[in-house]
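Chains as they are written, first to last, in the working numbering: chain A, -18 to 100; chain B, 430 to 696. Here a beta-carbon is modelled for each residue, glycine too, at the ideal position from N, C-alpha and C. Quick caveat, the model's predicted, so the values are computed rather than measured.
So, in structure tokens, the structure goes:
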């Protein structure tokens, strides 16, 4: 073990990788970005609750809600979870599997509508 | 067969650089969150599928969730709006704790992580309150008719009765049907006053319960890390990566709530 330790190149330990990541993405206005993200999320949520009382077309409302939810999710994952600062390869290893979920939503909801139709 | 295998060390990858630019711990936290997101996705997709199947008898959320502490009368969506605010707020305090960790400022990390724990406890408490009102139900309740089917009084110009298949009955027939009926309140896994399908309450209990359990575990994990921060463990270690990892988990819990909020309360 001790021998390994001596030959360990820089950038090998968890701490090295972490600190390197922190240094690379150090931004002087990190707090500003956090609070901006917070206000965006809060505004979208209030807007969602507000338009749910307007009596707009129900289907249109649902699409607006889904779209705004994805925007909110994007801000949380991108800025709060720092995914936009990760490497391209890592970002897409995380995001691409969700294509399967999009497909699952498509086939399962179609099935639900069909089951209602033939009941 | 020899049990010993001698490795030629010059041919073995010794690490060196990280291909993804993240440490293994953070990478596995991300991969765990992807799998957890799949679990929540399948639950929500199942909910969506059966909601489409029973679309005409599915209860409207803005009629079901209308309670607010200390306010009598109907305040639809206000309470879950507040719960969403609490959880987003605790996500902000968590990301500020992570930011404090990047500056290696132990006091800031302790402060923001402490506030995150308080936010998490407030959310779990709010959810308990929400469950309580969902289970106890309203004073109006619903009825089990003499033939064992579900029915509920609704306002439809004058007094009307909504039957299990969604049809509305008016006039003297209402009193005829209610003659041998039994009134009940609230919800359980078999029957609920909100709609004639038990699936509505089942999905509500399972999905918000599963999410609430995630919030609770998050609070416990945050608390453990908070103790370590107060102990000065990360000063010795020289980095706050563990705070960042529990931060990822905490934001994920917030992320799931954003979807639960939309699909259970808004649409």
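Check                                                                                                                           : Outcome
At least three beta-carbon pairs within less than 8 Å, the region 558 to 577 of chain B to the region 606 to 614 of chain B     : yes
Listed by chain order, chain A residues near residue 683 of chain B by CB distance under 8 Å                                    : 57, 61
Closest by C-alpha distance to residue 486 of chain B, when choosing among B:641, B:621, B:658, B:649                           : B:621
Contact residues within the region 35 to 51 of chain A, judged by C-beta distance below 9 Å to chain B                          : 39, 42, 43, 46, 47, 49, 50
Closer than 8 Å to chain A by CB, residue 594 of chain B                                                                        : no
The region 637 to 647 of chain B touching the region 673 to 684 of chain B, judged by at least three CB pairs closer than 8 Å   : yes
Residue 476 of chain B versus residue 49 of chain A - alpha carbon distance                                                     : 20 Å
Beta bridge counterpart(s) of residue 612 of chain B as assigned by DSSP                                                        : B:572
Residue 10 of chain A at chain B interface by Cβ criterion, 8 Å                                                                 : no
Among B:456, B:666, B:513, nearest to residue 70 of chain A - alpha-carbon criterion                                            : B:456
Exposure label - residue 377 of chain B; buried when at least 16 CB within 10 Å                                                 : Chain B is shown from 430 up to 696; residue 377 of chain B falls before or after that span and cannot be answered.
Residue 680 of chain B, DSSP secondary structure in three states                                                                : helix
Chain-ordered neighbours of residue 647 of chain B on chain A, where CB pairs are closer than 9 Å                               : By Cβ distance, chain A contributes nothing, its closest Cβ being about 14 Å from residue 647 of chain B, past 9 Å.
CB contact check: residue 2 of chain A to chain B, cutoff 8 Å                                                                   : yes
Cβ neighbours of residue 619 of chain B in the same chain (closer than 8 Å, five flanking residues each side left out)          : 627
Sub-8 Å separation of residue 571 of chain B and residue 560 of chain B beta-carbons                                            : no
Local Cβ density within 10 Å of residue 433 of chain B, reported as buried at 16 or more and exposed below that                 : exposed
Contact with chain B by residue 17 of chain A, beta-carbon distance below 8 Å                                                   : no
Reduced DSSP category for residue -18 of chain A - H, G, I as helix; E, B as strand; rest coil                                  : Annotation note: pLDDT 41 at residue -18 of chain A (below 50); position unreliable, coordinate value reported separately. Residue state, collapsed to three classes: coil.
Interface partners of residue 454 of chain B on chain A, CB under 7 Å                                                           : -5
Rounded straight-line distance, which links the Cα of residue 499 of chain B to that of residue 471 of chain B                  : 37 Å
Counted within 10 angstroms of its Cβ, other Cβ atoms place residue 488 of chain B as buried (16 or more) or exposed            : buried
Residues near residue 525 of chain B in its chain [Cβ-Cβ closer than 7 Å; skip 5 each side]                                     : 541
Contact set between the region 519 to 546 of chain B and chain A, restricted to residues whose Cβ is under 7 Å from the partner : 520, 521, 524, 525, 528, 531
Three CB pairs or more closer than 8 Å across the region 542 to 561 of chain B and the region 84 to 97 of chain A               : no
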